[in-house]
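One line per chain: the protein sequences are V and B, in this order. Sequential numbering of the first sequence, starting at 314, is according to my numbering. Sequential numbering of the second sequence, starting at 12, is according to my numbering.
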Amino acid sequence: EDKVVQSPLSLVVHEGDTVTLNCSYEVTNFRSLLWYKQEKKAPTFLFMLTSSGIEKKSGRLSSILDKKELFSILNITATQTGDSAIYLCAVGRPMRFGAGTRLTVKP
Amino acid sequence: GAGVSQTPSNKVTEKGKYVELRCDPISGHTALYWYRQSLGQGPEFLIYFQGTGAADDSGLPNDRFFAVRPEGSVSTLKIQRTERGDSAVYLCASSSSATSGTREQFFGPGTRLTVL
Numbered sequence: 314e315d316k317v318v319q320s321p322l323s324l325v326v327h328e329g330d331t332v333t334l335n336c337s338y339e340v341t342n343f344r345s346l347l348w349y350k351q352e353k354k355a356p357t358f359l360f361m362l363t364s365s366g367i368e369k370k371s372g373r374l375s376s377i378l379d380k381k382e383l384f385s386i387l388n389i390t391a392t393q394t395g396d397s398a399i400y401l402c403a404v405g406r407p408m409r410f411g412a413g414t415r416l417t418v419k420p
Numbered sequence: 012g013a014g015v016s017q018t019p020s021n022k023v024t025e026k027g028k029y030v031e032l033r034c035d036p037i038s039g040h041t042a043l044y045w046y047r048q049s050l051g052q053g054p055e056f057l058i059y060f061q062g063t064g065a066a067d068d069s070g071l072p073n074d075r076f077f078a079v080r081p082e083g084s085v086s087t088l089k090i091q092r093t094e095r096g097d098s099a100v101y102l103c104a105s106s107s108s109a110t111s112g113t114r115e116q117f118f119g120p121g122t123r124l125t126v127l
């Protein structure tokens, strides 16, 4: 059965800290891995990863995929209170989501 | 341009009633997806449309759930004989194409359904 496991489930840090969120997966129909940020209701797209070892970067956020070990990490440097959200990863077709990591950044 | 919209934003109903949830995707997006998200969980796939047809409905939990997209744009998710376990946020997403691999999906704000 396909599964996507995210860790940690929740994380509390202070502004300026760096965090690493993990996503491991087992899916039969892998095409890409996507990361989303969910603050209130609608998840918003962050990254789509299709190839191993190629880092995607957007400002303070970056992500990389390891297709051999079947995982991805999302890094956030110099965290800000506005980074507080649930971070979701999704894999497969149709997309299967992990349960998410709830990140809280304290001032 | 306008994003994905969903109506109503909140729906409270009684056990056994029928509900309809509406999704208006981004104009020109051919692929449309419905998900259900329970508290503390990620979105769970229900059904996806490519154009007017349901290309994959494997996520619908049972035959009380049905969705249509008659003109290839707006979609309606219909739930018959609602049960308390149906309470969740129902998310809709659209993308420019689903036929040539995974594409970024744009999500609507969801409808929070509460079944009393």
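Virtual Cβ for every residue (Gly too), placed ideally from N, Cα, C. None of these values were measured; they are calculated from a predicted model.
- Closest by C-alpha distance to B:Glu115, out of V:Phe384, V:Thr414 and V:Met408, is V:Met408.
- Where B:Gln61 is concerned, the enclosing beta strand (DSSP E) starts and stops at Glu55 to Gln61.
- Within chain V, not a single residue places a beta-carbon under 7 Å from that of B:Glu25; the smallest gap is close to 24 Å.
- If the five residues before and after V:Ser345 are omitted, its C-beta is found closer than 8 Å to the C-beta atoms of Met361, Leu362, Thr363 and Val404, all from its own chain and listed in chain order.
- Inter-segment contact for the segment 21-36 of chain B and the segment 376-396 of chain V is absent: fewer than three beta-carbon pairs are separated by less than 8 Å.
- As computed with DSSP, V:Pro356 is found in a beta bridge with V:Gln351.
- Its Cα nearest to that of V:Leu334, the residue V:Pro321 stands out among V:Phe343, V:Val326 and V:Pro321.
- Look at B:Asp68 here: in three-state DSSP terms it is coil, with no helix or strand label.
- Nearest C-alpha to B:Trp45 among B:Thr122, B:Thr18 and B:Leu102: B:Leu102.
- If you ignore the 5 residues before and after B:Lys89, its C-beta comes within less than 6 Å of the C-beta of Glu31 and Phe77, all in its own chain and listed in chain order.
- As the crow flies, the alpha-carbon of V:Val325 is around 29 Å from that of B:Ser98.
- When C-alpha distances from V:Thr357 are compared across B:Ser106, B:Ala42 and B:Thr87, the shortest belongs to B:Ser106.
- Within the DSSP bridge table, the entry for B:Phe76 names B:Ile90 as partners.
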